[in-house]
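K.L.:
Got a structure for you, questions after.
Below, the structure is given as structure tokens:
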């Protein structure tokens, strides 16, 4: 009964820590879905930023074309202005020439009035010639004035066009500055989003890998660790000196670690032979009489299998072996019953515990190394469970 109580206490200690994996598995899937949605949202934002960059490039091209138009309009305006200035110079020369002719005509009148003896016909001819020259210069000045007026109209149109282009250029300059600021902010945001995207993608990948490892039913070999309860205690032999009535001492063999059971920390691997998940997670049935669905079993989301376990225990791994069939339950836990093959220090055949021995004998004389095969039972946990636990 004492052995059974110890085993039940040992088993209940481990079962207290069984996780509610159904809820954790849903949380893991929700996390993966959340990461994917965030990655899609970041991708859409990057597409929006690309559209904004394309708009800015188009605005920049429009601004360059506007700049070229301004340069061309300015060149035409300068040419028209130079032509007007040339016409005005010609008009000025013609007006000076007209003034000179008028002065010469007045001089001829004065000479004619002063010198009455001069041939009247001669003075009239010269005056008519001067008047004709003056009329020609007057018409030339009128034509030049018409050209100057036409040039002034053209220059006014050019000024209005140039002013419009300057206004549009200023508008586009402010627009480009605003877009440039937005683009700089967007580029910084893009860099941040890209880094965040990489981080979320890595998190999603890690979560998927963790889910794949956790939910992988086809994994044949799984490393496990746990506690074994073996039904043989490692002896620790000692020689006890017992005083006698005559003042002498006798040597008695004593085992300082006597008992029937012993715990050992074991590490090993379980190889799956049969997958029992479908057997334990069978579909719920419907009662033909009550037509009511049975209550689902609490373990319907877990995996089960039957395999063979090989492991090592204690401080000397190569002298302490464990082997036996193992039953995997609740995904991560393994119950194993088998044989422990271990090298112990035992008494030689001619000696027994609590036996009196000769005064000249020592521990080395009465003990020897021997391999013993004893039964054991162990409860272990899958090492993947450690990476599955949320930090």
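In the numbering used here, the protein residues as written are 13 to 403.
Here a beta-carbon is modelled for each residue, glycine too, at the ideal position from N, C-alpha and C.
Determine whether the beta carbon atoms of residue 330 and residue 393 lie at a separation below 7 Å.
P.N.:
No.
K.L.:
Give the single residue among 184, 196 and 246 whose Cα lies nearest to the Cα of residue 359.
P.N.:
Closest option to residue 359, Cα to Cα, is 246.
K.L.:
Please list the segments of the beta strand (DSSP E) lying wholly inside the segment 220-290, counting only runs of 3 or more residues, in order along the chain.
P.N.:
Whole beta strand (DSSP E) segments, 3+ residues: 233-242, 249-255, 261-267 and 274-287.
K.L.:
Once DSSP output is grouped into helix, strand and coil, what is the label at residue 317?
P.N.:
Strand, per DSSP.
K.L.:
Taking the alpha-carbon positions, what's the residue 327 to residue 285 distance?
P.N.:
Approximately 30 Å, taken between the alpha carbons.
K.L.:
Specify the secondary structure class of residue 61 as computed by DSSP and reduced to three states.
P.N.:
Residue state, collapsed to three classes: helix.
K.L.:
Decide if residue 211 is buried, meaning its Cβ has at least 16 other Cβ atoms within 10 Å, or exposed.
P.N.:
So residue 211 ends up on the exposed side.
K.L.:
Could you check if residue 375 is buried or exposed, using at least 16 other CB atoms within 10 Å of its CB as the buried criterion?
P.N.:
Burial call: exposed.
K.L.:
Which first and last residues belong to the beta strand (DSSP E) in which residue 394 is found?
P.N.:
Residue 394 -> beta strand (DSSP E) spans 379-394.
K.L.:
Anyone know if the C-beta pair for residue 149 and residue 98 falls short of 7 Å?
P.N.:
Taking 7 Å as the Cβ cut-off, residue 149 and residue 98 do not qualify as a contacting pair.
K.L.:
State the beta-bridge partners of residue 352 as determined by DSSP.
P.N.:
Partner(s): 334 and 386.
K.L.:
Mapping DSSP to helix, strand and coil, what is residue 203?
P.N.:
Residue 203: helix per DSSP, three-state reduction.
K.L.:
Residue 325: which of 142, 253, 388 and 196 sits nearest, CA to CA?
P.N.:
Among 142, 253, 388 and 196, the Cα nearest to that of residue 325 belongs to 388.
K.L.:
Measuring straight from C-alpha to C-alpha, what distance separates residue 196 and residue 214?
P.N.:
Approximately 27 Å, taken between the alpha carbons.
K.L.:
What did DSSP end up calling residue 344 once you bin it into helix, strand or coil?
P.N.:
In the structure shown, residue 344 sits in coil (DSSP, three-state: anything other than H, G, I, E or B).
K.L.:
Could you tell me the alpha carbon to alpha carbon distance between residue 161 and residue 138, rounded to whole angstroms?
P.N.:
Between residue 161 and residue 138, the C-alpha separation is close to 34 Å.
K.L.:
Should residue 279 and residue 237 be called a contact, given that it needs their Cβ atoms to be closer than 7 Å?
P.N.:
Cβ distance < 7 Å, so residue 279 and residue 237 count as in contact.
K.L.:
What's the gap between the Cα of residue 199 and the Cα of residue 340?
P.N.:
So the two alpha carbons sit approximately 53 Å from each other.
K.L.:
Determine the contact status of residue 95 and residue 163, defining contact as a CB-CB distance below 7 Å.
P.N.:
Yes, the Cβ-Cβ distance between residue 95 and residue 163 is below 7 Å.
K.L.:
Grouping DSSP H, G and I as helix and E and B as strand, with all else coil, what is residue 118?
P.N.:
Residue state, collapsed to three classes: helix.
K.L.:
Say yes only if the C-beta of residue 161 is nearer than 6 Å to one or more non-hydrogen atoms of the ligand PLP, and no if none qualify.
P.N.:
This structure lacks the ligand PLP; in fact it carries no ligand of any kind.
K.L.:
Which of helix, strand or coil does DSSP assign to residue 137?
P.N.:
Reduced to three states, the DSSP call for residue 137 is helix.
K.L.:
With which residues is residue 325 paired in a DSSP beta bridge?
P.N.:
BP columns for residue 325 point to 278.
K.L.:
How should residue 317 be labelled, buried or exposed, when 16 other C-beta atoms within 10 angstroms of its C-beta is the threshold for buried?
P.N.:
Buried, since its Cβ has 16 or more Cβ neighbours within 10 Å.
K.L.:
Between which residues of its own chain and residue 151 is the CB-CB distance below 7 Å, once the five residues before and five after are set aside?
P.N.:
Closer than 7 Å at Cβ, skipping near neighbours: no residue.
K.L.:
Taking the beta carbon of residue 291 as the centre, do at least 16 other beta carbons fall within 10 Å, making it buried, or is it exposed?
P.N.:
Label assigned to residue 291: exposed.
K.L.:
Quick one: measure Cβ to Cβ for residue 74 and residue 184, integer angstroms, because I've assumed they're closer than 8 Å.
P.N.:
Between residue 184 and residue 74 the Cβ distance is about 7 Å, and since that is below 8 Å, they are a contact.
K.L.:
Quick one, are the C-beta atoms of residue 232 and residue 251 less than 7 Å apart?
P.N.:
Contact flag unset, no.
K.L.:
May I have the straight-line CA-CA distance separating residue 390 from residue 271, to the nearest angstrom?
P.N.:
Looking at the two C-alpha atoms, the distance is approximately 18 Å.
K.L.:
Going straight from the alpha carbon of residue 114 to that of residue 142, what length do you get?
P.N.:
The straight-line gap from Cα to Cα measures roughly 8 Å.
K.L.:
Hey, would you say residue 361 sits closer than 7 Å to residue 383, going by beta carbons?
P.N.:
No, these two residues do not count as a Cβ contact at 7 Å.
K.L.:
Confirm, please, whether the CB-CB distance from residue 170 to residue 92 is below 7 Å.
P.N.:
Contact flag set, yes.
K.L.:
Use the C-beta contact count for residue 84: other C-beta atoms within 10 angstroms, 16 or more gives buried, fewer gives exposed.
P.N.:
Under this definition residue 84 is an exposed residue.
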